[in-house]
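Chains as they are written, first to last, in this note's numbering: chain A, 1 to 471; chain B, 1001 to 1471; chain C, 2001 to 2471; chain D, 3001 to 3471. From the three backbone atoms N, C-alpha and C, an ideal C-beta is built for every residue, glycine too. None of the values given here were measured: they were computed from a predicted structure.
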């Protein structure tokens, strides 16, 4: 994946295990790809909610000492991406508050399209906001509900939310998972001995050895307490609209989301690409590691041998020092080094998952040329990305998306390849079992949830701009 | 001052200076003694409130980089003491929120006695709390006011607060200072060219070269905006009850608070001590630095020569490593080294500001004995400290206060001195111009503001215990 | 590669470029796999040698500020592995000294077998040692030489060294590279415009866009000064003995060392493995990433499809928190997650580069079984590792090497696979062009350089133990 | 003391105590004033020398963890000042080396005047230097000695050193203290139960509760081993020349050095000042804390009341952020705040220990004027400082010393005081018991040890400049 599609958030919760914080830490570890810039865990020890949150990778945020300060048999955790800077620590999750019914923690993955309206209403009624994350809005709504039980509050408030939300709540008794009726973002349920686990992806169940039970259904709220798990359905049923980008890029290939194995979807994407854009070539190579499975699929379908022609430097961290101006293009080389002996004189099919701005792809192609590639045929395992996402993904601005400013042939020339093939939307749909259950807005522009005045695109994008701080 | 009376908070605000953050940093530097465990500054740059807060000393929390991230011509800052631990970062001030009227920042010095009740009412009406500081209660009250102007909101809400509060607010237009009608905590007004300054003590005006105009009056609210300063009086007048401990120990000797020069009050305390407890002796020595001025006063009145007989090690930081068990008493020696050549064979008058638990004093006396003192006469510049403070000071629990568990002679024996003299309450009152304007609750038990059921002392102290997290 | 074969050191030097420090930083970045625990750069700015060294990854040791403090057009850098702890900072390289001929810096990759004897002789003659690295011995020898020129000193001293050494020297005029006559460790020469570059592997030339000229020959000393590069041959010619483990595991697959492309050697190893140990199976899978190329080779030769069946978590850092005892085996799972959908019901060929203790391999096999693998056939791309290395690799102690304590069938049972095939030594040799030019001691026990009394194995290993601090 | 006379080094050693590292830590704590920029401790545990050294204050360099890594019953420690920067970590002491006779650690306070010559000779004979501290020269000399015992080596080598040196050595058996025959720098011996202690000042004995036995004599070497302490005299006797600046400024007032109580010398200096420069005034005030005792003496002699008229902010750390240009003079105010109520309308005698550049004094005087002082009479407790020190003190360059560029009246005018009195050299000598045993070079220019060509002052100062890195 290229330079600028940001992951959003990862969720993990566990109820009924004496090692709750440590298991949450491990779960977040495996969800690190969903948010690299802040992490937090909140536990409940029977009396107090204990929280530790900080900017940084999960491995940087937690150590033995901080884990020891998080006792309890119940925990929720969160990884997030955000614009960097210490000032945004306050936006890290889970959020914990005290209110009339006691203590309450919440973690959110997604984006509310009516966040602005809800916040304005709440402020008009005297609410104060200390962060800019959607979770705080949800907490205010719940605190203003006056039902007898928290479940009733949930049933009253969650339907007020519009947009994408997979949510974890922790009260002083229960762990709760909720998923919006469209089912934009994934959320799954696991079991580890007597403990229940909720997580964004199944890879977080694998890491702790938990058994995958099932996904939380779109529109379902699962309440896990001392007496086990029960299910609520506070929403009106809606047409599902899972995020197809989860399969194309976001989710880990070893996860199972939306009823499918991610890697197997990616292999199918690669096979379909080979059918749509066949070419005479000597080798099929992925952009490692995001293109690995699609490249394998292309190779299997086309019978062109699979090769590992670029080495990715996994030591490259977030603090990499910029090379001097004159050695600027080296940045790409720092991350990926082409292997001359493999590439020289060969006709290559290169498979990547998407193109955003195009500049990184261009630099890579240039370095493959310098390594002696005879022909370079780029295959992209999804259609051109043209539209903003209002449901939880942070793309660059529309005018920075190369597919909005150039024709296909201009893109091909800009990137410098001999041929370019984007998977068709139809081809993309074929790779999943129930294509109608997916959102394709970033490629098709067909938004499953409206967001106000469609004529005023600018307002929408401004809103999205503000929303990009949310998670 | 002994081991366990905790300072509380320091406030600094400035309006109308392009170096607002840097001057606030300097002001907080000079107020460091009022809170060593966290510091924060919030500026307003015409568009955004910018905040930086962290655990640690002012010099640790801020550097050039963080100051550069705090642009604007208006700022408020805060130093606080709190129980340590990263989890309490959230309790550091100033608090900044967004609400119906825009952005608002607040910093608080004092303690509300009706915090618990106010919070319960607010929660019952749907408020959520992310911290345990009184400031958040005040913000909720203001946000729920529906007047046309912020000033009207203030006039409506501030009278709901009971207890001790010196407050700074920063809106998007104005810097505001408020002081409770009893005037428990100090707050003064200064001028630096065209800028106005508000600060807990005048030493913070001196450090930036600002001119001291006057103190904010008890019950006064000063509003400093583009058009200058104006004054509001939203409270009913009350009998003043300034904290006399500010003069005895808390405030810096070079400050001017409650209409008096702190050092001159302390010299008077020493003189009065000499009158109340004269003794034949060779030298008068302070416990440095807290007893310096009272010892000077004692020396002046008694004509016994003043000596510097203990050297204080100013490198002793908060992270001092405990000596091994066998060398335990050395801890006192690390901080204060008696000078044998001065002490040997002498009859000493030692002057300190107060005795809390007594263990530190005892260890010091022991080391003076080892240095060869012939006689040791301890003089304390206030009466025995026996009662909890509900207005912003964190004393140890009542049963840990030595004056509550031992008679005077038992204390003398425990500490190991030849004679012991505590200043009388009457003597203490003589040192200030208007004795009736002071609170003496920690010595007399006469609380100027009631706090619920007087019969239920336990509940009160529990409340105070919870309140001790406030500032 | 398994848990305990430690990389040793990476070298990078450049002469004649105004961005010397920054390019050295980049070069070390690409050599990070050769030593993850300390890094250092020394530059010469025409007057002074400037050094910065610290424990940690290259990305942690250097930042913009430290690079700015390293001016000059000439630099050498070093990455090393060592036992951790601040006390070993002193052992980090390059070492810089002042001596009769001026300033001198040195960096070393390898291990001297006569280090102990040389050091004893030097101490007997009055030398003092501040570190335990071989480089300091070399500096003492040079400083005690009394020739007119540094080159003559080198010609006198280098032949005194026995063992493995690729060396970089920086004087106040020249950058010098030297390689022992056996050629144990790699060292290559590159060109970037007018600058010369020396580096352990060609991947460090690629990252800065330098052109690969040739390798430094075994026994060659190259002197790069203002007038260009010239070559010295101070050693008697010897039979070459390149480290074959560089091809099997150490070097990066995109490097070219000892006259061969590393990845192509690895593919040949895989192909040969397939010929030696064919099996009926459904999928060939590497242990990522070390087994990637050998697995590709096995797949190509056997026609069994290549699969990516385990996902490696690249976020796993050095500070990973141990899971609690009960979840111990999860450590393996944290790093590698098997993909059930791929593995379930399949007969797998798993390809890895080597087995050291066997415990990690065993845990991985267990997790593949749990994922549903029907059969597991392990193929190892080198012979059983049985003997200590005295030329720069830090294997575990001999008795910890599983191949020394168990028969092949016992290993197979211990690891839990259906079949096990180690590549034969003959097969290994076939993968390189000039098999006689390689050292195979760790597999064959045939040591190209003797190290004292062969009967006293214990002394030798003790010596190796001490030597393991060297680099 | 003013802005730029740098302390040099503090030494502490202990033999025969199981808490050796911790006691050394405490000792260094009390010697912190002798060097604030780096600290180190080396212990010997019967097998290994364990070292921990870092830049920073003693409290920053050590914590429980590092102390635990320093086992053993014998230790030496060192605090030093040096120009800052990580590159000088290598210059921190104690230095530890391995050589023919085993391990050896050394710590040095002072400055060798023949360091340059010795180093050149050693380099000519093949020595390499990794630091620029004198200690390394001493180690090389010792390592090149070929006597049977270390004591014989010492007796051979120490007489080769010229200049000021108090030295601690730790071998694998013994703790050794040595003092140059002139006795420039202090060194004392203490006893704690069965353990022996060596320290720069007696305040380091006090802090650990050790008993002061006596000072190491000039020219004496004390060797403390398992069998107790014995004394060597390897030097030819010389006229003593103790550093009188130790009494005036460097040593702690609670220490006893050169046979005198430091505070009592300072009081005598103040009394003598009052006799030499009497004046009609209302108050005598010290520049805190360096002028405290001299001011007391002045007050006692003159009968003018002693006052504390400036408050020193002890929170001012080394990382203080510079105020913006327009508020530059505030830097002085940050550190010292005059108390207006005391100063206003008063005729003040201000007592300080010395004037170096004069700019800080001038700024302080200015702030006293602003506080309303009617007259200011400055009294300095030593003569004008005019000459460089080659024996361990780092004064600014001669032309930066105000006494070298201005007449007394010009200084008075520059500083802005009504009268100025420097103590006479004769008056200074009267304050100590044996005036002939002191070095007065910085005031008189009479150097007790020659340093080459007296005509070439520039060379000398250049040498001193280089020497200033030494300790």
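Inter-residue CB distance, residue i and residue j (contact presumed, cutoff 8 Å)
i	j	result
residue 3017 of chain D	residue 3023 of chain D	6 Å
residue 35 of chain A	residue 79 of chain A	4 Å
residue 1379 of chain B	residue 1349 of chain B	6 Å
residue 232 of chain A	residue 221 of chain A	4 Å
residue 267 of chain A	residue 297 of chain A	4 Å
residue 1200 of chain B	residue 1166 of chain B	7 Å
residue 431 of chain A	residue 269 of chain A	5 Å
C-alpha distance - residue i paired with residue j, whole-angstrom precision
i	j	result
residue 1156 of chain B	residue 1176 of chain B	15 Å
residue 143 of chain A	residue 377 of chain A	56 Å
residue 2340 of chain C	residue 445 of chain A	35 Å
residue 2102 of chain C	residue 3179 of chain D	32 Å
residue 1364 of chain B	residue 1336 of chain B	8 Å
residue 1391 of chain B	residue 1236 of chain B	19 Å
residue 2092 of chain C	residue 2052 of chain C	10 Å
residue 2442 of chain C	residue 2245 of chain C	9 Å
residue 104 of chain A	residue 1293 of chain B	51 Å
Neighbourhood of residue i by C-beta distance below 6 Å, restricted to the same chain and skipping five residues each side
i	result
residue 282 of chain A	346 and 347
residue 287 of chain A	352
Which residues DSSP lists as bridging residue i, in chain order
i	result
residue 3110 of chain D	D/3165
residue 1226 of chain B	None; residue 1226 of chain B has no bridge partner.
residue 3347 of chain D	D/3375
residue 1221 of chain B	B/1178 and B/1232
residue 3315 of chain D	Answer is none; residue 3315 of chain D lacks a bridge partner.
residue 3261 of chain D	D/3256
8 Å Cβ shell around residue i - same chain, five flanking residues per side excluded
i	result
residue 2130 of chain C	2090 and 2136
residue 1414 of chain B	1358, 1362, 1402 and 1406
residue 154 of chain A	142, 169, 176, 178, 221, 232 and 234
residue 3025 of chain D	3041, 3058, 3062, 3067 and 3077
Neighbourhood of residue i by C-beta, 7 Å cutoff - its chain only, sequence neighbours within 5 removed
i	result
residue 2343 of chain C	2309, 2368, 2371, 2372 and 2373
9 Å Cβ cut-off: residues of chain F touching residue i
i	result
residue 1093 of chain B	This model lacks chain F altogether, as its protein chains are A, B, C and D.
Can you list, in chain order, the stretches of the alpha helix (DSSP H) that have 4 or more residues and sit fully within the region 132-218 of chain A?
-> 134-144, 150-157 and 203-208
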